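Engineer: Structure in structure tokens, see below.
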Amino acid sequence: MRVLVINGPNLNMLGIREPGVYGRRTYEELTAFIESAAARIGVSAEIFQSNHEGAIVDKIQSALGRADAIVINPAAYTHTSVAILDALKAVALPSAEVHLSDVRERESFRQLSYAGMACARSFIGLGFDGYARAIEYLKESIENHNT
Ligand code: DQA
């Protein structure tokens, strides 16, 4: 099983950006965490990060025929991007949303998730672990549907 993991804007600044919200671990540490979680779970993961909405839309479209599932943390685009929602709906791959911080406890403008409308589940406020939980969930749900 192949999982495409997409991270949106400013997540490359992890470790530097708002450590009180996002912690002190870096983006490189996040990608290493995702790679080792994927290996433990038994899936292959491609990890992509972009600060550009169109690049994220292009990447989602490119998953068609190349990935079995998508894990996405669209970052700020979560709350604004109908284009990312539409791309997820267009490819119609099993998808899960991740947020490092607990957006439910944050500002009102973070309460709406467009991408989440195309995702089977959201893993919110679990830090890095949210990515492992999302990969596990997608693997189990694909296996269960196939049996
Ligand atoms: C985030 C939450 C978003 O509201 C924010 O814009 C981010 C990161 C998270 O992982 O907690 O950039 O998606």
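Here my numbering is used: the first residue of the sequence shown is 11, the next is one more, and so on.
We put the CB at the ideal spot given by N, CA and C, even for glycine.
Just so we're clear, the structure is a prediction, and the values are computed from it rather than from any experiment.
(1) Nearest to A73 by alpha carbon, out of A93, L98 and V108?
(2) Quick one: complete beta strand (DSSP E) runs, 3+ long, within the region 104-132?
(3) So, under 8 Å CB-CB, G126 and E107 are touching, yes? Tell me the CB distance rounded to an integer number of Å.
(4) Under 7 Å: does the beta carbon of R120 sit that close to some heavy atom of the ligand DQA?
(5) Less than 7 Å between C-beta atoms, sequence neighbours within five positions excluded: which residues of the same chain meet that for I44?
(6) By DSSP's criteria, E56 is part of a beta bridge. Which residues make up the other side?
(7) Once DSSP output is grouped into helix, strand and coil, what is the label at A79?
(8) Please return the same chain residues whose Cβ sits closer than 8 Å to the Cβ of E85, not counting the five positions on each side in sequence.
(9) Relative to the alpha-carbon of L136, which residue among A100, T41, S111 and H89 has its alpha-carbon at the smallest distance?
(10) Taking C-alpha atoms, which residue in K149, I152, A79 and F138 lies nearest to A36?
(11) Mind checking Q121: buried by the 16 CB within 10 Å criterion, or exposed?
(12) How about T90: is its Cβ closer than 7 Å to a heavy atom in the ligand SAM?
(13) What distance in whole Å lies between the Cβ atoms of I152 and D78, which are believed to be in contact at a cut-off of 8 Å?
Structural biologist: Taking the structure as given:
(1) Translated into the one-based positions of the sequence shown, residue 73 becomes position 63. The shortest Cα separation from A73 among A93, L98 and V108 belongs to L98.
(2) 105-109
(3) Here residue 126 refers to the residue found at position 116 when the sequence shown is read from its first residue. Here residue 107 refers to the residue found at position 97 when the sequence shown is read from its first residue. Contact holds; Cβ gap of about 5 Å.
(4) Translated into positions along the sequence shown, residue 120 becomes position 110. Checking the Cβ of R120 against the ligand DQA gives yes.
(5) The sequence position of residue 44 within the sequence shown is 34, counting from 1. So the list reads V15, A55, I57 and Y141, once near-sequence residues are dropped.
(6) For the purposes of this step, residue 56 is taken as residue 46 along the sequence shown, with counting starting at 1. Bridge partners of E56: L14.
(7) Residue mapping note: residue 79 aligns to position 69 of the sequence shown, counting from 1. It is a strand residue.
(8) Position 75 of the sequence shown holds residue 85. Going by the sequence as given, residue 85 is Ala instead of Glu. Answer for A85: N17, G18, P19, N20 and L21, listed in chain order.
(9) The residue given as residue 136 occupies position 126 in the sequence shown. Distance check between L136 and each of A100, T41, S111 and H89 places S111 closest, using alpha-carbon atoms only.
(10) Indexing the sequence shown from 1 puts residue 36 at position 26. For the sequence presented, residue 36 should be read as Thr rather than Ala. Answer by Cα proximity: F138.
(11) Taking the first residue of the sequence shown as 1, we reach residue 121 at position 111. Q121 comes out exposed.
(12) As presented, the structure is devoid of the ligand SAM, carrying the ligand DQA as its sole ligands.
(13) Residue numbering aside, residue 78 sits at position 68 when the sequence shown is read from its first letter. Residue numbering aside, residue 152 sits at position 142 when the sequence shown is read from its first letter. Indeed they touch by this definition, with Cβ atoms about 6 Å apart.
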